[in-house]
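S.K.:
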Amino acid sequence: MSNKRRDFNEDPLIVEAIPKKIKFSWKLIPQVIRHLILAAIALFWLIPIIWLVFNSFSEFQGMRTNIFFPESYSFTSYRLLLFDSDSTVARFPVWFMNTLQIAIFSALIASIFVLMVSYAMSRMRFRGRRSLMSFGVILGLFPGFLAMIAVYFIMRSFGLTNNHWGLVLIYSGSSGLGYLIAKGFFDTISETLSESARIDGATEAQVFRLIIIPLSKPIIVYTVISAFLVPWMDFMFASIMLNSGIATDWTVAMGLFRMLQRELISTHFARFCAGGVIVSIPISILFVIMQKFYVEGITGGAVKG
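Take 1011 as the starting number for the sequence shown in my numbering and just add one per residue.
1. If the criterion is Cβ atoms closer than 8 Å, does the pair glycine 1138 and leucine 1187 meet it?
2. Buried or exposed: where does asparagine 1076 fall if 16 or more other Cβ atoms within 10 Å of its Cβ makes it buried?
3. Classify tyrosine 1083 as helix, strand or coil using the three-state DSSP reduction.
4. Could you tell me if threonine 1258 is buried or exposed, where buried requires 16 or more neighbouring beta carbons within 10 angstroms of its beta carbon?
5. Contact defined as beta carbons within less than 8 Å: I believe leucine 1125 pairs with alanine 1192. What is the distance between those atoms, to the nearest angstrom?
6. Pull up the distance between the alpha-carbon of asparagine 1173 and that of serine 1121, whole angstroms please.
7. Grouping DSSP H, G and I as helix and E and B as strand, with all else coil, what is serine 1200?
8. Suppose the cutoff is 8 Å on Cβ atoms and the five residues either side in sequence are ignored; what does the same chain contact list for phenylalanine 1070 look like?
9. Do threonine 1171 and methionine 1251 have their C-beta atoms within less than 8 Å of each other?
10. When you compare only the Cα positions, how much space is there between serine 1236 and tyrosine 1181?
11. Just the Cα atoms here: how many angstroms apart are cysteine 1283 and valine 1289?
12. Can you list, in chain order, the residues of its chain with a C-beta nearer than 7 Å to that of aspartate 1244? Leave out the 5 residues immediately preceding and following it.
13. What are the residues that DSSP puts in a beta bridge with serine 1068?
14. To the nearest angstrom, how far is it from the Cα of arginine 1101 to the Cα of glycine 1265?
15. Nearest by alpha-carbon distance to valine 1318: which of Phe1155, Gly1286 and Val1161 is it?
16. On the CB-based measure, 16 or more other CB atoms within 10 Å of its CB, does alanine 1113 come out buried or exposed?
17. Got a sec, what are the start and stop residues for the alpha helix (DSSP H) lysine 1227 sits in?
18. Rounded to whole angstroms, what is the Cα-Cα separation between isoleucine 1209 and methionine 1131?
19. Between the C-alpha atoms of methionine 1143 and isoleucine 1230, what's the straight-line distance to the nearest angstrom?
20. Within the same chain, show all residues whose beta-carbon is closer than 7 Å to that of serine 1254, passing over the 5 residues directly before and after it, in chain order.
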């Protein structure tokens, strides 16, 4: 009987199945502290977003700072924001379409500029190439708002203020300066593919269109998303260029900011919150769908293969 008991206790499968006591290790304390700090930072960052989402469903249309969660909930804010055609202040559907059109055309034009400049800097060799690249990087270091007044007077002299196409030109005009990430991605594509195509008689445009572009889907997606986000979230340039005071010409950022004025915040704050939630939905869906390509576009240019 004792031999059987000894064999039972010495069986490795039985021994592994017996739960062992968890030993406390002082080495885990720094890791736990780091995770707690990151969790606190994440919670602190999410508090305004949570507050905005809950207030978008508030039945009270004004702003209350003495309570975090609304006392009663309803979809009144969304209904008034989207379907109140009699409102002379909130024209959210019009603002949304204005912003969407500007963002789409700006993204298309800017993406073409960025990809063309990036390919030229990556694959072509010409005199002054390095100097031009350095000059472009230096120009990109200056904040865009420093040139707002000059840009405004130039656009006004051409009659492009209070015009959506003027905003499209502004957003896409200097986009070629953001060529560095796409250039890094093009540098990772083997040069032998382009040389083989040139030997077969392909022109530089055909090499770019038939070889480089099909292999560059990640960086194309990243470039399009980045170019789309600029007009989608911009307020400064839009408020300077669209200064006629006509509400139907505004973008979403201008219209939502208008709701925060002193004479409107007591009756439109909940609608402002609802507008913020609606504006975030399309770009959130786009990021979720394109997340894989977006990450590959960022990291692909940094890895030399």
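Glycine is no exception: its CB is placed at the ideal position from the N, C-alpha and C atoms.
Note that the coordinates shown come from a computational prediction; the quantities given were computed from them, not determined experimentally.
M.R.: According to the structure shown:
1. Contact: no.
2. Exposed, since its Cβ has fewer than 16 Cβ neighbours within 10 Å.
3. Tyrosine 1083: strand per DSSP, three-state reduction.
4. The residue in question, threonine 1258, is exposed, as its Cβ has fewer than 16 Cβ neighbours within 10 Å.
5. Between leucine 1125 and alanine 1192 the beta-carbon gap is near 6 Å, inside 8 Å, which marks them as a contact.
6. Straight-line Cα distance between these residues: approximately 22 Å.
7. Reduced to three states, the DSSP call for serine 1200 is coil.
8. Taking C-beta separations shorter than 8 Å and ignoring five residues to either side along the sequence, the partners of phenylalanine 1070 in its chain run Pro1080, Glu1081, Ser1082 and Ala1280, following chain order.
9. Judged by their CB atoms, threonine 1171 and methionine 1251 are nearer to each other than the 8 Å cut-off.
10. The alpha-carbon atoms of serine 1236 and tyrosine 1181 are separated by roughly 11 Å.
11. Approximately 10 Å between the Cα atoms of the pair.
12. Within the same chain, Ala1263 come within 7 Å of aspartate 1244 by CB-CB distance, once the 5 residues on both sides are set aside.
13. Residue pairing by DSSP places serine 1068 opposite Tyr1083 in a beta bridge.
14. Rounded to whole angstroms, arginine 1101 to glycine 1265 spans 8 Å at the Cα level.
15. Outside the displayed range of the chain (1011 to 1315) lies residue 1318, so it cannot be described from this structure.
16. Buried, because 16 or more other Cβ atoms sit within 10 Å of the Cβ of alanine 1113.
17. Run containing lysine 1227: 1227–1243, per the alpha helix (DSSP H) assignment.
18. Cα-Cα distance, rounded: 21 Å.
19. Roughly 21 Å separates the two Cα atoms.
20. Result list for serine 1254: Asn1172, in chain order.
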